[in-house]
Amino acid sequence: MSRMLYAPSDIEHAQSTRERTSGGPMNHDPVLPELRLNLRALEHNVELMAAWCREQGVELAPHIKTTMTRPIVERQLAAGAWGVTVATVRQAGIAVEWGIRRVLIANEVVRDADLTTLRQWLDTVPDLELYCLVDSHAGLGLARSALRGAANPLRILIDVGTPEGRTGVREPAEAHALGEAVADPDAAPGLLLAGVAGYEGVRPNRRDTDTLADVDAHCRRTAEVLHGLAPLIRSGRPVLSMGGSAFPDRAVEAYRELSARPDGPAPVFVLRSGCYVTHDHGTYRQVTPFPGLEGALTVRAVVLSTPEPGRAVLGAGKRELPYDAGLPVLLGARTPGAPFRATTGTAVQIFDHHLTLTDAHDLRVGDEVDLGISHPCSAFDKWPDITVVDEEGTFREVWHPRFR
0 MSRMLYAPSD IEHAQSTRER TSGGPMNHDP VLPELRLNLR ALEHNVELMA
50 AWCREQGVEL APHIKTTMTR PIVERQLAAG AWGVTVATVR QAGIAVEWGI
100 RRVLIANEVV RDADLTTLRQ WLDTVPDLEL YCLVDSHAGL GLARSALRGA
150 ANPLRILIDV GTPEGRTGVR EPAEAHALGE AVADPDAAPG LLLAGVAGYE
200 GVRPNRRDTD TLADVDAHCR RTAEVLHGLA PLIRSGRPVL SMGGSAFPDR
250 AVEAYRELSA RPDGPAPVFV LRSGCYVTHD HGTYRQVTPF PGLEGALTVR
300 AVVLSTPEPG RAVLGAGKRE LPYDAGLPVL LGARTPGAPF RATTGTAVQI
350 FDHHLTLTDA HDLRVGDEVD LGISHPCSAF DKWPDITVVD EEGTFREVWH
400 PRFR
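Numbering that gives the first Met the number 0 numbers the first residue of the sequence shown as 0 and each following residue consecutively.
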């Protein structure tokens, strides 16, 4: 199961198409504000995470909802990803269209139209390996009705949740009963029990003692559910899937503890981290266990006004900048055409298209500034175009996220 499934011809087609349409440095006429992606930092992050997963003996199915940008996903696949993770059936459809043949929907799928879509893919794409989560007998019944008789089964992961969290079975006994119902071929034809999934990222993105204790408890509880269900799994090695971008090391530790048990089921551990690929200058920089990751994503904006001493107002706001996990960080400034210089300034207030800085004594009207962002998941979906630059900041090409 360690071999990632995809259609190489589709990836090659995408690469050749991108080369024909991306243009070159002479074709780039920047319009500010602008989302900028440092290609070297991105590729460094991809290789760093891939290497860490190899060292740990785990698989990576990166959560591509972070970017939904095909050239980025191509690089993650080329680095050895087991498959990809998505959050919705719409995102899964884009992945399948891109030629990816191992897709994990890290969510419950309960709407009849969505389940019918999954059935259609499984009936028409014979090499598709499709996973989704189930946390209730009601959801299982809906999936059973839609997938009954499918030649290529939908692979089910029992979703283990945490109190006051989001989806997921709360009690291990309930999870075991649900797994038994999925594993019964007479009761659930067209479905295949493949393993267990959990998500420890519902805890705050902090690495204090109490938070880590809660994270560890949830990871161990999820692993314990897999241990109990492993004898019912007939689809090869059972899958244990966890991991956001804040605590992947803790999830892997729980997997190691399970694998070290004499009666352990030797699962395939699939990590679902996504934000690592561009990292950030805020929330994940503060919590990541990987100090080598680099912030690859910035927004370039212009200083519109300096209405008071030390106060500057930039031409970028909520429509262009993530703000759900912290305000942007000022990285540098320049007079247009001059080199960037170090400067000070702290973001204090954000509006639809404005960001206010204080302690900004070195900024002048017309200056260009680069802002580091926090939480890349809230950046890519704001922009139809991403300006890709090299280490020197020179334009390379334009990429286009696809969320629809």
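Idealized CB from N, CA, C, for every residue including glycine.
- Following the DSSP letters along the chain, one finds Tyr283 inside the alpha helix (DSSP H) bounded by residues Thr282 to Val286.
- Measuring C-alpha to C-alpha distances from His43 to each of Thr277, Ser304 and Ala216 identifies Thr277 as the nearest.
- In the same chain as Gly316, and ignoring 5 residues on each side of it, the C-beta atoms closer than 7 angstroms to its own belong to Ile349, Phe350, Asp351, His352, His353 and Leu354, in chain order.
- At a cut-off of 3 residues, the continuous stretches assigned as beta strand (DSSP E) that sit fully inside the stretch 148 to 218 are 153 to 159 and 190 to 197.
- A distance below 6 angstroms between beta-carbons, with the five flanking residues on each side excluded, links Asp361 to the following residues of its chain, in chain order: Thr342.
- In the same chain as Ala187, and ignoring 5 residues on each side of it, the C-beta atoms closer than 6 angstroms to its own belong to Arg143 and Val181, in chain order.
- The closest CA to that of Asp358, considering only Leu370, Gly365 and Thr345, is found on Thr345.
- Met48 carries a helical assignment under DSSP once its states are collapsed to helix, strand and coil.
- The shortest CA-to-CA distance from Tyr322 to any of Arg310, Pro290, Leu370 and Leu292 is the one to Leu370.
- Gln348 has Thr355 as its beta-bridge partners, per DSSP.
- In the three-state reduction of the DSSP assignment, Trp97 falls in the coil class, being assigned neither a helical nor a strand state.
- Under DSSP, Met241 takes part in a beta bridge, and its partners are Leu270.
- For Ser373, there is no enclosing alpha helix (DSSP H), since its DSSP letter is neither H nor E.
- DSSP places Arg299 in the uninterrupted beta strand (DSSP E) bounded by Leu296 to Glu307.
- Excluding residues up to 5 positions away in sequence, Pro321 and Asp323 lie with their Cβ nearer than 6 angstroms to the Cβ of Ser377 in the same chain.
- Inter-segment contact for the stretch 223 to 230 and the stretch 301 to 314 is absent: fewer than three beta-carbon pairs are separated by less than 8 angstroms.
- Excluding residues up to 5 positions away in sequence, Asn204, Arg205, Arg206 and Ala245 lie with their Cβ nearer than 7 angstroms to the Cβ of Val286 in the same chain.
- Contact annotation: Asp122 and Ala94 have beta-carbon atoms that are not nearer than 8 angstroms.
- Here DSSP, grouped into helix, strand and coil, assigns His62 to strand.
- Around Asp158, the same chain offers Leu132, Asp134, Thr166, Gly167 and Ala196 as residues with beta carbons nearer than 6 angstroms, after the five sequence neighbours per side are excluded.
- Two segments are said to touch when three or more pairs of C-beta atoms, one from each, lie closer than 8 angstroms; by this definition the stretch 53 to 61 does not touch the stretch 389 to 396.
- Secondary structure of Ile385 (DSSP, three-state): strand.
- For Ile99, the closest alpha carbon among the candidates Thr115, Arg89 and Leu127 is that of Leu127.
- If you draw a straight line from the Cα of Phe268 to the Cα of His217, it is about 16 angstroms long.
- Ser240 is a Cβ neighbour of Leu156, given a cutoff of 8 angstroms.
- For Arg35, the enclosing beta strand (DSSP E) begins and ends at Glu33 to Asn37.
- Relative to the Cα of Phe289, the nearest Cα in the group Arg35, Ala50 and Leu34 belongs to Ala50.
- Asp361 sits in coil when the DSSP states are folded into three classes, being neither helix nor strand.
- Cα atoms of Ala105 and Thr87: separation of roughly 8 angstroms, rounded to the nearest angstrom.
- Nearest to Val364 by C-alpha distance, out of Ile372, Gly291, Gly309 and Pro162, is Gly309.
- Beta-bridge annotation (DSSP): Ile232 is not paired with any residue.
- Using a Cβ distance threshold of 8 angstroms, Arg69 and Arg403 do not count as a contacting pair.
- In summary, Ala265 is exposed, with fewer than 16 beta-carbon neighbours lying within 10 Å of its beta-carbon over all protein chains present.
- The shortest C-alpha to C-alpha distance from Val368 to any of Leu103, Ala337 and Ile385 is the one to Ala337.
- By the CB criterion at 8 angstroms, Ala193 and Val238 fall inside the cutoff.
- The criterion of a C-beta distance shorter than 8 angstroms is not satisfied by Ala300 and Leu34.
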